[in-house]
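Undergrad: Mind having a look at this structure? Questions to follow.
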Amino acid sequence: MVSMSKRLKNSLNNVQGEISLKYKYFLVCRFLRKKKKMKRNIARIQKYEHRYEKSANRPVQFLRFIKTVHLPQIQDTPHLSQHCLLSLTQKINTGDMIELLSEIKITGSGKQRQAGNELLPTLMSSPVLQKSLSVTGVEFCYHISSVTSDRVWVSDWNNVSLIDTAAGNTIYRLTDYSELESGNHTVNSESELIYIDDNANISKLSTDMKTTTLLIDKTDPVWTPVCVYYSPSSGDLLVGMNIYNRHTGLFIGKVMRYNVSCQPTQTIPQHNTPNNLYQSPRFITENNNGDVVVSDSARRAVVVTSRKGIHRFSYKGPRSSGPRLSPRGICTDVMSHILLCDGITNTVQMLSKDGKLLKYLLTDQSPGISYYAPYGLSYDFNTHCLWVESESPRDANESTLSVYRYINRHPAILDQK
């Protein structure tokens with residue numbers, strides 16, 4: 007009986023050992039398969055990580071890649087806390103992507119990459135008159151807004167006229183506008199005229215001259231719009247305004263910024279700038295760095311503030327005594343120069359973006375400048391030409407429009423090794 011029990015016990019032990027050995031072998035094989043699969047998944051993740059890191063030096067290619075390529079999905083991937091898995095969708099947040107790419111630091115490899123041919127602007131030794139024409143029916147042109155190379159809006163105290171400069175004809179006359187000796191009109195990116203009408207509202211005229219749209223209604227009985235400028239970079243409208251202070255007998259000015267929805271977003275001066283920053287802003291423009299540039303006739307100065315409304319400088323002319331400046335039309339060019347008509351020196355002055363007088367670009371003796379000093383200015387960013395207006399000496403009902411080129415744009419080869 008005892009021997010039978012021992013044999014039964016041994017048989018059970020043998021069966022249990024055999025089962026344990028087979029199960030252990032099964033578990034080992036299963037573990038090896040899992041381990042092999044995990045290695046493949048890790049290698050795939052590392053490959054994509056490496057690809058994204060290498061593409062950091064080519065951000066444009068990286069953006070195109072993630073917008074057009076569907077990344078393969080890895081199924082049954084175990085959670086790996088030591089890796090940061092990317093989650094990419096077809097919709098990319100541009101702001102976040104720009105912020106991310108701006109933090110990338112690229113170190114030089116010692117070899118210059120080819121940058122291609124770029125048109126770099128340089129000043130010519132002297133301006134060259136391209137063409138000059140007489141505009142009949144415009145008594146004294148105060149302001150110019152260029153539309154195309156052969157079409158400009160000009161204004162006097164009677165109307166705003168669209169001029170075909172190729173033929174010298176008047177295409178259209180707008181009569182319901184404010185009779186101000188100021189920059190009271192501008193042109194937006196759609197070539198539509200934006201102007202201050204005779205009710206001191208800001209209105210827009212369509213390109214076919216058939217539809218007028220009210221943009222900004224004058225609801226403030228105190229402040230009166232005087233000048234307006236459309237910012238091509240942001241689509242904002244900059245409006246110069248003033249009021250008359252009966253107690254002091256002086257004007258007080260300000261600049262309002264309106265967004266593309268014509269909602270006010272900024273007032274200059276702000277609380278951190280003097281309240282008498284402006285008196286009578288007559289002409290207004292914006293420089294490439296975001297500076298707001300104002301020609302203030304009452305202050306006899308060009309007043310420049312930053313994009314945030316902080317006063318940067320006031321240019322009051324080249325001389326240190328006597329009446330130094332009588333600012334009129336103003337504009338900026340592709341090189342961030344400030345161009346200014348001055349009624350005292352009868353010149354078009356060129357300033358740096360920081361207010362330093364660089365040169366007298368034009369004088370009353372320059373070709374194309376008629377008897378009276380230049381008054382209206384407009385820079386065409388498409389042709390890089392400067393439009394200048396002066397009154398014709400032959401007829402009081404006639405003005406002279408002249409076009410000058412003073413900037414060269416030539417290729418610069420940057421692929422040197």
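When you line the sequence shown up against the working numbering, it's residues 7 to 423, in that order.
Idealized CB from N, CA, C, for every residue including glycine.
In this text the structure is predicted, and so the values were computed from the model without any measurement.
1) Does the Cβ-Cβ distance between Leu290 and Gly246 come in under 8 Å?
2) Of the residues Ser376, Leu135 and Pro324, which one's Cα is nearest the Cα of Leu357?
3) In terms of residue numbering, what span does the beta strand (DSSP E) encompassing Tyr321 cover?
4) Looking at the structure shown, is Tyr378 part of a helix, part of a strand, or coil, going by DSSP?
5) Using the three-state DSSP reduction, which class does Tyr412 fall into: helix, strand or coil?
6) For the candidate residues Thr213, Asp203 and Pro275, whose alpha-carbon lies nearest to that of Asp223?
7) Less than 8 Å between the C-beta atoms of Ile274 and Gly315, yes or no?
8) Using a 10 Å radius around the Cβ and a threshold of 16 neighbouring Cβ atoms, would you call Val134 buried or exposed?
9) Let me check understanding here. Comparing Cα to Cα, which of Arg288, Val310 and Arg411 lies closest to Asn295?
10) Measuring alpha carbon to alpha carbon, tell me which of Tyr366, Ala307, Ser212 and Tyr284 ends up nearest Ser197.
11) Hey, could you find the ends of the beta strand (DSSP E) Phe387 is sitting in?
12) Tyr148 by DSSP, collapsed to three states: which one?
13) Could you have a look at Thr406 and say whether DSSP puts it in helix, strand or coil?
14) Relative to the C-alpha of Val298, which candidate in Val266, Ser332 and Lys260 has its C-alpha closest?
15) Is the beta carbon of Ser302 less than 8 Å from the beta carbon of Arg313?
16) Leaving out five residues on either side along the sequence, give the residues of the same chain with a beta carbon under 8 Å from the beta carbon of Asn165.
17) From the DSSP output, in three-state form, read off Ser87 for me.
18) Taking only the alpha-carbon atoms, compute the straight-line gap between Tyr235 and Leu199 and give it to the nearest angstrom.
19) Are the CB atoms of Cys391 and Tyr410 within a distance shorter than 8 Å?
20) Put Lys42 into one of helix, strand or coil per three-state DSSP.
21) Using the Cα positions of Arg415 and Leu221, report the straight-line distance between them to the nearest angstrom.
22) So what's Asn190 in DSSP terms, helix, strand or just coil?
23) Leu129 and Ile344 - do their beta-carbons sit closer together than 8 Å?
24) Could you name the residues of the same chain whose beta carbon sits closer than 7 Å to that of Leu256, not counting the 5 residues immediately before and after it, in chain order?
25) For Thr219, tell me which candidate among Asn207, Ser376, Leu106 and Thr171 has the shortest Cα-Cα distance.
26) May I have the straight-line CA-CA distance separating Lys322 from Gly361, to the nearest angstrom?
27) Output yes or no for whether 8 Å exceeds the beta carbon distance between Thr406 and Ser396.
28) Under three-state DSSP, which class holds Leu92?
29) So the beta strand (DSSP E) Gln272 belongs to, where does it begin and stop?
30) Once you ignore the five residues that flank Asn175 on each side, which residues in its own chain have a CB closer than 8 Å to its CB?
31) When the Cα atoms are used, what is the spatial distance from Asn282 to Gly382?
TA: The answer reads as follows:
1) One point to set straight first is that residue 290 is Ile, not Leu, in the sequence displayed. The answer is yes: Cβ separation under 8 Å.
2) Pro324
3) His317 to Tyr321
4) coil
5) strand
6) Asp203
7) yes
8) exposed
9) Val310
10) Ser212
11) Careful: Phe387 lies outside any beta strand (DSSP E) and carries neither H nor E.
12) coil
13) strand
14) Lys260
15) Per the sequence shown, the amino acid found at residue 302 is Asp instead of Ser. No, the Cβ-Cβ distance between Asp302 and Arg313 is not below 8 Å.
16) Arg179, Leu180, Thr181 and Tyr183
17) With a pLDDT of only 49 at Ser87, under the threshold of 50, the placement of this residue in the model should not be trusted, and no figure is reported.
18) 11 Å
19) yes
20) helix
21) 37 Å
22) coil
23) no
24) Gln285
25) Asn207
26) 10 Å
27) yes
28) Its pLDDT being 48, under 50, Leu92 is placed unreliably by the model, and nothing is read from it.
29) Pro270 to Ile274
30) Ile169
31) 26 Å
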